[in-house]
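Visitor: Using the numbering used here, the letters of the sequence shown map in sequence onto residues 36 to 218.
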Amino acid sequence: MDTDLEVDLTSKPTLVRFVIEDLSPTEWQAEHERVRAELGDEAYLALRESEFKQKSESVLKMIVTGQWKIPSIKGSQQPDRISLANGREFRVGVAQGVPEDISEAMYASFENEGEFEVPEEWLEFEVTAEELAKEERQASEERLRKEEKHKLDILEGRLSLRNFGKGCLTSAESESDLDKGKT
Numbered sequence: 036m037d038t039d040l041e042v043d044l045t046s047k048p049t050l051v052r053f054v055i056e057d058l059s060p061t062e063w064q065a066e067h068e069r070v071r072a073e074l075g076d077e078a079y080l081a082l083r084e085s086e087f088k089q090k091s092e093s094v095l096k097m098i099v100t101g102q103w104k105i106p107s108i109k110g111s112q113q114p115d116r117i118s119l120a121n122g123r124e125f126r127v128g129v130a131q132g133v134p135e136d137i138s139e140a141m142y143a144s145f146e147n148e149g150e151f152e153v154p155e156e157w158l159e160f161e162v163t164a165e166e167l168a169k170e171e172r173q174a175s176e177e178r179l180r181k182e183e184k185h186k187l188d189i190l191e192g193r194l195s196l197r198n199f200g201k202g203c204l205t206s207a208e209s210e211s212d213l214d215k216g217k218t
């Protein structure tokens with residue numbers, strides 16, 4: 036989404052709707068095939084991605100203005116890693132094999148923005164540069180794989196605004212169109 040998005044907090048935004056959201060599955064399939072054939076793959080992807088962007092910005096405006104609320108996240112889960120201000124990363128938490136007292140000290144140091152000397156007993160829990168590089172490569176490959184699947188799903192007609200946000204947000208006042216499954 037655009038990070039320069041400006042939201043007018045004085046007026047009530049409305050949810051952007053597109054014609055394809057109101058089509059039956061049969062009508063959608065015919066429209067999908069017609070428009071894709073007419074525009075070609077690249078322009079078709081650009082069109083559908085533009086629709087997703089406009090819808091996302093519309094939803095964001097409704098959240099920011101308090102018309103919709105994001106559902107609460109069940110349970111508070113501590114992260115299994117912590118990055119210190121000096122850029123070093125450590126495993127943290129009993130589930131990661133880190134004793135509770137060391138984990139608590141790590142969380143406390145996280146708030147320390149200045150230079151911090153890492154205690155020697157923490158070193159065995161440090162994530163190596165090689166591990167971080169490998170994880171970054173894997174995350175990048177996974178991101179690319181998901182982007183390709185996303186594009187293919189759009190081109191095949193399996194993904195459109197008709198699937199956007201089904202049931203993930205609730206109106207601050209009453210059920211929203213998303214909750215009713217109308218998108």
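A virtual CB, placed ideally from N, CA and C, is assigned to each residue, including glycine. Model, not experiment: these values are computed from the prediction.
1) Based on DSSP bridge pairs, tell me the residues matched to Glu68.
2) Leaving out five residues before and five after Ile55 in sequence, what residues of the same chain have Cβ atoms less than 7 Å from its Cβ?
3) As a quick exercise: from Asp188, Tyr79, Val127, Leu187, pick the residue whose alpha carbon is nearest that of Glu159.
4) Decide if Arg193 is buried, meaning its Cβ has at least 16 other Cβ atoms within 10 Å, or exposed.
5) Looking at Gln102 and Val51, is the spacing between their C-beta atoms short of 7 Å?
6) Taking the alpha-carbon positions, what's the Val99 to Pro106 distance?
7) Thinking C-beta only, is Glu124 closer than 7 Å to Val162?
8) Using C-beta distances below 6 Å, list every residue in its chain close to Gln131, excluding the 5 sequence neighbours before and after it, in chain order.
9) For Ser118, which of helix, strand or coil comes out of DSSP?
10) Tell me which same chain residues have a C-beta within less than 6 Å of the C-beta of Glu86, skipping the five on either side of it?
11) Phe53 by DSSP, collapsed to three states: which one?
12) Determine the DSSP secondary structure at Asp214, reduced to helix, strand or coil.
13) Name, in chain order, the residues that DSSP records as bridge partners for Arg123.
14) Run through DSSP, which three-state label would Glu191 get?
15) Hey, Ser138 and Val129 are a contact pair by Cβ (cut 8 Å); roughly how many whole angstroms apart?
16) What residues are listed by DSSP as bridge partners for Glu161?
17) Going by the beta-carbon positions, is the gap between Leu80 and Lys184 smaller than 7 Å?
18) May I ask which residues mark the beginning and end of the alpha helix (DSSP H) holding Thr82?
19) So, with DSSP's three-state summary, where would you put Pro154?
Guide: In short, the structure shows the following:
1) None, per the DSSP bridge assignment.
2) Trp63, Glu66, Ser195, Leu196, Arg197
3) Val127
4) exposed
5) no
6) 14 Å
7) yes
8) Asp115
9) strand
10) Phe53, Leu196
11) coil
12) Residue placement at Asp214 is flagged as unreliable, the pLDDT there being 40, under the threshold of 50; the coordinate-derived value follows with that caveat. The answer is coil: DSSP assigns Asp214 none of H, G, I, E or B.
13) Per DSSP, none; premise fails for Arg123.
14) coil
15) 7 Å
16) Phe125
17) no
18) Rather than Thr, the amino acid found at residue 82 in this sequence is Leu. Counting along the chain, the alpha helix (DSSP H) containing Leu82 begins and ends at 76-99.
19) coil
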